[in-house]
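Numbering follows the working numbering, with no gaps: position 185 of the sequence shown is 200.
Note that beta-carbon positions come from the ideal geometry of N, C-alpha and C, so glycine has one too.
Written out below as structure tokens is the structure these notes cover.
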Amino acid sequence: MKRKDFLLTLASLPLLTHYMTLNNLNKITSNLSNTNKMPVLFLGHGSPMNAIEENEFVQSFRKIGKELARPNAILCISAHWETNGTFVTAMEHPRTIHDFGGFPQALFDVQYRAPGSPELAKETQRIVTSTTVGLDDKWGLDHGAWSVIKHLYPNADIPVIQMSIDYTKPAQYHYELAQDLTSLRQKGVLIVGSGNMVHNLRMVAWNKLNESYAYDWATEANEQMKAYILDGNHQNLVNFKKEGKAFDLAIPTPEHFLPLIYTLGLKEKNEAITIFNDKPVGGSLTMTSIKID
16 MKRKDFLLTL
26 ASLPLLTHYM
36 TLNNLNKITS
46 NLSNTNKMPV
56 LFLGHGSPMN
66 AIEENEFVQS
76 FRKIGKELAR
86 PNAILCISAH
96 WETNGTFVTA
106 MEHPRTIHDF
116 GGFPQALFDV
126 QYRAPGSPEL
136 AKETQRIVTS
146 TTVGLDDKWG
156 LDHGAWSVIK
166 HLYPNADIPV
176 IQMSIDYTKP
186 AQYHYELAQD
196 LTSLRQKGVL
206 IVGSGNMVHN
216 LRMVAWNKLN
226 ESYAYDWATE
236 ANEQMKAYIL
246 DGNHQNLVNF
256 KKEGKAFDLA
266 IPTPEHFLPL
276 IYTLGLKEKN
286 EAITIFNDKP
296 VGGSLTMTSI
306 KID
């Protein structure tokens, strides 16, 4: 190569890099704008062991995965990534995080090697107007994400990013933030909230883990939550702290409940709601899951 051509090539590299970045971003944005609107999911993820066990809950996850149109990417809000501020993962290759202890080695051996999507992360950052969204290059996919997504898409061939839960903010903040994400549904992005509607680990009846058993307060809270969901009464769920003793026991801390708030914040008028996996585990947990489409 002649010296002049070499210098011209060097000079064009920043422009080429910029062009490639814009081109990749367009794949997530402009080129996907005409896709059918993707559903929204809230998945009760329960024990990390659901990642490797065969049971009715994971069978339902697989069934849902087969019924859905193949998404271009997935954005997951997991109960297990709490931060001061709101962030999205923006790395090319998110690591599989084993954020638990005391489980069999087989669970720690699981690797869910789905690609990330820096382009989707930047687009998410751009469209959110209710708050500032930071780009994260350290987190990855925690078990709230990969333990359920692996059943939806076992080939790990769909890009996945996570959005964190700002633990300093009230539920209304998360509800409004979810509404900012609506346009992603038209771009082939499947948005998944992963948590549990009723989640009180301190009160688990360990001797009834293999039974469909719930304390009275857990049943009361779960039934009332479903009634609000089906009635479209989102504000009572946003204001869950005013709902009384059963809700206090069902939601001792909000991180597993808030992914549901994101899912409801994305619901549009006249969309149908399907409830599945509606069973209790260990007295103080429910696996209740919903699909909105």
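Check                                                                                                : Outcome
First and last residue of the uninterrupted beta strand (DSSP E) at Gly280                           : Segment Leu273 to Gly280 is the alpha helix (DSSP H) holding Gly280; no beta strand (DSSP E) there.
Integer Cβ distance of Val73 from His166, believed to fall under 8 Å                                 : 5 Å
Unbroken stretches of the alpha helix (DSSP H), 4 residues or longer, contained in the stretch 66-97 : 71-82
Alpha-carbon spacing of Ser227 relative to Ala220, whole angstroms                                   : 11 Å
Cα-Cα separation between Thr104 and Asn170, rounded to whole angstroms                               : 20 Å
Local conformation of Gly155 per DSSP, three classes                                                 : coil
Opposing strand residues paired with Asn289 [DSSP bridges]                                           : One point to set straight first is that residue 289 is Thr, not Asn, in the sequence displayed. DSSP, once it has assigned bridges, lists Lys306 as partnering Thr289.
Limits of the alpha helix (DSSP H) - the one that Ile7 falls within                                  : Nothing in the structure corresponds to residue 7, since the chain is present only between 16 and 308.
Thr278 and Phe57 closer than 8 Å at C-beta                                                           : yes
Beta-carbon proximity list for Gly100, same chain, < 7 Å, skipping 5 on both sides                   : Gly149 and Asp181
Assumed close pair Gly131, His108 - CB separation to whole angstroms, cut-off 8 Å                    : 6 Å
Beta-carbon proximity check, Leu205 vs Met53, cutoff 8 Å                                             : yes
Buried versus exposed, by CB contacts within 10 Å (16 or more), Gln177                               : buried
Counted within 10 angstroms of its Cβ, other Cβ atoms place Gln126 as buried (16 or more) or exposed : exposed
Straight-line Cα distance separating Ile305 from Asp246                                              : 14 Å
Cβ-based burial, Ala287 [other Cβ within 10 Å; buried from 16]                                       : exposed
Local conformation of Met106 per DSSP, three classes                                                 : coil
Reduced DSSP category for Pro295 - H, G, I as helix; E, B as strand; rest coil                       : strand
Ile92 vs Pro274 beta-carbon contact at 8 Å                                                           : yes
Status (buried if at least 16 other CB within 10 Å, exposed otherwise) for Glu134                    : buried
Those residues which DSSP pairs with Asp181 across a bridge                                          : Thr98
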